[in-house]
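Counting with the working numbering, you get residues 1 to 332 for the letters of the sequence shown. Just so you know, even glycine gets a beta-carbon here, dropped at the ideal spot from N, CA and C. Note that the coordinates shown come from a computational prediction; the quantities given were computed from them, not determined experimentally. The structure under discussion appears below in the form of structure tokens.
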Amino acid sequence: MPTMSDVAAEAGVSVMTVSNVLNDRPKVGAATKLRVLDAVERLGYEINLTARGLRSGRTGTIGLIVPRFDHPYFGELAAKLAVALAATGRHLSVEQSNASPESEREALSQARLATYDAVLLSVVGLHYDDVDRLRTSKPVVLLGEQQMPPRFDHLQLDNETGAYLATRHLIEGGARKLLMIGGGDEGFPSMSTMRTVGFERALREAGLQGSVRPIIRYEPADARVAVAERLRQDPGVDGVFAITDQVGIGVLAGVRDAGLRVRDDVQVVGFDNLAFGEHIDDGLSTIDPSHDWVVSRVVELIDRRIAGEQLPPQHLTSPATLVVRGSTRLPG
Numbered sequence: 001m002p003t004m005s006d007v008a009a010e011a012g013v014s015v016m017t018v019s020n021v022l023n024d025r026p027k028v029g030a031a032t033k034l035r036v037l038d039a040v041e042r043l044g045y046e047i048n049l050t051a052r053g054l055r056s057g058r059t060g061t062i063g064l065i066v067p068r069f070d071h072p073y074f075g076e077l078a079a080k081l082a083v084a085l086a087a088t089g090r091h092l093s094v095e096q097s098n099a100s101p102e103s104e105r106e107a108l109s110q111a112r113l114a115t116y117d118a119v120l121l122s123v124v125g126l127h128y129d130d131v132d133r134l135r136t137s138k139p140v141v142l143l144g145e146q147q148m149p150p151r152f153d154h155l156q157l158d159n160e161t162g163a164y165l166a167t168r169h170l171i172e173g174g175a176r177k178l179l180m181i182g183g184g185d186e187g188f189p190s191m192s193t194m195r196t197v198g199f200e201r202a203l204r205e206a207g208l209q210g211s212v213r214p215i216i217r218y219e220p221a222d223a224r225v226a227v228a229e230r231l232r233q234d235p236g237v238d239g240v241f242a243i244t245d246q247v248g249i250g251v252l253a254g255v256r257d258a259g260l261r262v263r264d265d266v267q268v269v270g271f272d273n274l275a276f277g278e279h280i281d282d283g284l285s286t287i288d289p290s291h292d293w294v295v296s297r298v299v300e301l302i303d304r305r306i307a308g309e310q311l312p313p314q315h316l317t318s319p320a321t322l323v324v325r326g327s328t329r330l331p332g
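Here is the structure:
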């Protein structure tokens, strides 16, 4: 197995220079750094992350805490984060909180934070005061729609704009009696609340009426039953905004269960732009919450925090864009 001395000899530099390059210290010129990295690749030198962690107090691991492993949204986010972090020499460790306040609180405990260089937490169960009590020198990035203490980095999706764009697209495609599946005002700025706000704003601007049908679980089976029942009771519904793509799968099936045609009789738009949506029937129109944008901003922010850069708290909102597929009609 090649050693650091072997790398130094191959690159024609000192062992100290190799160490500076591998630890990303700003002491080495660009040409020398490139020569060392080329030597590392040629020799197949493996960095001992454990030893580096003992010396630097860093673990090389970033923690991501999500409500559920089995939700495609979080699965795709974790996959993209893992790839992006690997490019920086870091690993991603994913934990499931089950949206439990106790699990989320444990994820932010000093003992847990000691195992990570930074933590990304999708906040569902905790409230403002719970998070505000946290005291740590480790970078913590909060993900989600809830209002959080401003001293933390916080990244959220533009849920209201996304829902507005989805609903306006249905209207521009000719829908006049609209239904939202999975929404509802929860009394605080949750994902459900903000997407409902966007849905209702688009309706008001168009002078149209619509309704919201909450469901207990955002699962295809629940959405399928709810939509089929509603369409049988009210066959005039001609446009459905599904609160997530996961719900949207069930909506597509529910439309067919009611004896109606997707797009021709009932247009459907989802939210999340998950990979499977492109391959269902003629495709599910959706809102893209810019996963790649989220990942790039999170990784950049983590890099800067770990490097000790003094930044004010970053409060970022990812852009939302419409993706048109076969479940909706184009204007005109």
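(message) Tell me the rounded alpha-carbon separation between Pro331 and Gln110.
(response) Position 331 of the sequence shown, counting from 1, holds the residue named residue 331. Position 110 of the sequence shown, counting from 1, holds the residue named residue 110. Straight-line Cα distance between these residues: approximately 54 Å.
(request) Assign Leu274 to buried or exposed, taking buried as 16 or more other Cβ atoms, counted over all protein chains shown, within 10 Å of its Cβ. (result) By 1-based counting over the sequence shown, the position of residue 274 is 274. Leu274 is buried by the Cβ-count criterion.
(request) Would you list the one or two residues that DSSP bridges to Phe241? (result) Here the question's residue 241 lines up with position 241 in the sequence shown. According to DSSP, Phe241 bridges with Met180, Val269.
(request) Express the C-alpha separation of Gly308 and Leu260 in angstroms, rounding to a whole number. (result) In the sequence shown, counting from the first residue as 1, residue 260 sits at position 260. In the sequence shown, counting from the first residue as 1, residue 308 sits at position 308. Distance between the alpha carbons of Leu260 and Gly308 is about 58 Å.
(request) Thinking Val269 and Ala206 are a contact (beta carbons under 8 Å), I'd like their distance in whole angstroms, please. (result) For this step, residue 269 is matched to residue 269 along the sequence shown. For this step, residue 206 is matched to residue 206 along the sequence shown. Between Ala206 and Val269 the Cβ distance is about 15 Å, and since that is not below 8 Å, they are no contact.
(message) Please list the terminal residues of the continuous beta strand (DSSP E) segment that includes Ser109.
(response) Residue numbering aside, residue 109 sits at position 109 when the sequence shown is read from its first letter. Ser109 -> no beta strand (DSSP E), and no H or E assigned at all.
(request) Under 8 Å by Cβ, that's how I've got Lys177 and Val251 pegged, so tell me the actual separation to the nearest angstrom. (result) One-based indexing of the sequence shown puts residue 177 at position 177. One-based indexing of the sequence shown puts residue 251 at position 251. With a Cβ gap of about 15 Å, Lys177 and Val251 do not count as contacting.
(request) Answer yes or no: do Leu146 and Ser190 have a C-beta to C-beta separation smaller than 9 Å? (result) Within the sequence shown, residue 146 is the residue found at index 146, counting from 1. Within the sequence shown, residue 190 is the residue found at index 190, counting from 1. Going by the sequence as given, residue 146 is Gln instead of Leu. Taking 9 Å as the Cβ cut-off, Gln146 and Ser190 qualify as a contacting pair.
(request) Just mark Pro313 as buried or exposed, buried being the case when its beta carbon has 16 or more other beta carbons within 10 Å. (result) Along the sequence shown, one-based indexing puts residue 313 at 313. Answer is exposed; the Cβ neighbour count stays below 16.
(message) Using C-beta distances below 6 Å, list every residue in its chain close to Thr61, excluding the 5 sequence neighbours before and after it, in chain order.
(response) Along the sequence shown, read from residue 1 onward, the residue named residue 61 stands at position 61. Same-chain partners within the cutoff: His91, Ser93, Tyr116.
(message) On the CB-based measure, 16 or more other CB atoms within 10 Å of its CB, does Val159 come out buried or exposed?
(response) In the sequence shown, counting from the first residue as 1, residue 159 sits at position 159. It should be pointed out that residue 159 corresponds to Asn in this sequence rather than to Val. So Asn159 ends up on the buried side.
(request) Have a look at the DSSP bridge pairing and note the partners of Val299. (result) Translated into positions along the sequence shown, residue 299 becomes position 299. Answer by DSSP bridge pairing: none, since Val299 is not bridged.
(message) Spatial neighbours of Leu54 within its chain, please: C-beta separation below 6 Å, excluding the five flanking residues on both sides.
(response) Reading the sequence shown from its first residue, position 54 is the one you call residue 54. Below a pLDDT of 50, predicted positions are generally treated as unreliable, and Leu54, at 48, falls in that range; no measurement from the model is reported.
(message) Within a Cβ cutoff of 7 Å, which residues of the same chain sit near Glu172, ignoring the five residues on either side of it in sequence?
(response) Along the sequence shown, read from residue 1 onward, the residue named residue 172 stands at position 172. Counting only Cβ-Cβ distances below 7 Å, and skipping sequence neighbours, we find Pro331.
(request) Output the distance between the C-alpha atoms of Tyr164 and Gly248, rounded to the nearest integer angstrom. (result) The count along the sequence shown starts at 1 and reaches residue 164 at position 164. The count along the sequence shown starts at 1 and reaches residue 248 at position 248. Distance between the alpha carbons of Tyr164 and Gly248 is about 16 Å.
(request) Have a look at His291 and Ser285 and give me their C-alpha separation to the nearest angstrom. (result) In the sequence shown, residue 291 corresponds to position 291, counting from 1. In the sequence shown, residue 285 corresponds to position 285, counting from 1. Approximately 17 Å, taken between the alpha carbons.
(message) Could you check whether Lys138 and Leu113 sit closer than 9 Å to each other, using their CB atoms as the reference points?
(response) If you number the sequence shown from 1, residue 113 lands on position 113. If you number the sequence shown from 1, residue 138 lands on position 138. Against a cut-off of 9 Å, the Cβ pair of Lys138 and Leu113 comes out as a contact.
(request) Go through its chain and collect everything with a Cβ distance to Ser19's Cβ below 6 Å, but skip five positions before and after it. (result) Looking up residue 19 in the sequence shown gives position 19. Closer than 6 Å at Cβ, skipping near neighbours: no residue.
(request) Measure the C-alpha to C-alpha separation of Gly174 and Glu300 and round it to an integer number of angstroms. (result) Your numbering for residue 174 matches position 174 in the sequence shown. Your numbering for residue 300 matches position 300 in the sequence shown. Roughly 42 Å between the two C-alpha positions.
(message) Please report the distance separating the alpha-carbon of Pro214 from that of Leu157.
(response) Walking along the sequence shown from the start, residue 214 turns up at place 214. Walking along the sequence shown from the start, residue 157 turns up at place 157. Roughly 21 Å separates the two Cα atoms.
(message) Suppose contacts are defined by Cβ-Cβ distances below 9 Å. Is Pro72 in contact with Asp281 by that definition?
(response) Position 72 of the sequence shown, counted from the first residue, corresponds to residue 72. Position 281 of the sequence shown, counted from the first residue, corresponds to residue 281. No, they are not a contact pair.
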